[in-house]
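Heads up: the sequence shown begins at 7 in the numbering used here, then just goes up one per residue.
Yeah, the Cβ is synthetic: ideal placement off N, Cα and C, and Gly gets one too.
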Amino acid sequence: MARIIRCECGYVARGDTDDEVIAAIRSHMGTDHPALLTSVSREDLLGWIQVE
Ligand SMILES: [Zn+2]
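Next up, the structure:
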């Protein structure tokens, strides 16, 4: 099953594994929300994952 993380801006990151979806949302944050990238931990991101 796919995993998704919905960004507060409306962007949806997708991946087949926790690591993939975290890499995808971090890549998005790096370009659109660089401040978030440093303040949000991996544990926070794990808590945001939804299984689709
Ligand atoms: Zn965003």
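Can you find a heavy atom of ligand 1 that lies under 6 Å from the Cβ of Asp38? Translated into positions along the sequence shown, residue 38 becomes position 32. At least one heavy atom of ligand 1 is nearer than 6 Å to the Cβ of Asp38, so yes.
Going by beta-carbon coordinates alone, are Ala19 and His34 separated by less than 7 Å? Start at 1 with the first residue of the sequence shown, and residue 19 comes out as number 13. Start at 1 with the first residue of the sequence shown, and residue 34 comes out as number 28. Yes; because the gap between Cβ atoms is below 7 Å, this pair is in contact.
Along the chain, where does the alpha helix (DSSP H) that runs through Ala30 open and close? One-based indexing of the sequence shown puts residue 30 at position 24. Looking at the DSSP string, the run of the alpha helix (DSSP H) that includes Ala30 is Asp24 to Asp38.
Between the CA atoms of Arg9 and Leu52 - distance to the nearest angstrom: Locating residue 52 in the sequence shown gives position 46, where the first residue counts as 1. Locating residue 9 in the sequence shown gives position 3, where the first residue counts as 1. Each residue's Cα considered, the two are about 10 Å apart.
Is the beta carbon of Val27 closer than 7 Å to that of Gly36? Numbered from its first residue, the sequence shown carries residue 36 at position 30. Numbered from its first residue, the sequence shown carries residue 27 at position 21. Not in contact: Gly36 and Val27 (Cβ atoms no closer than 7 Å).
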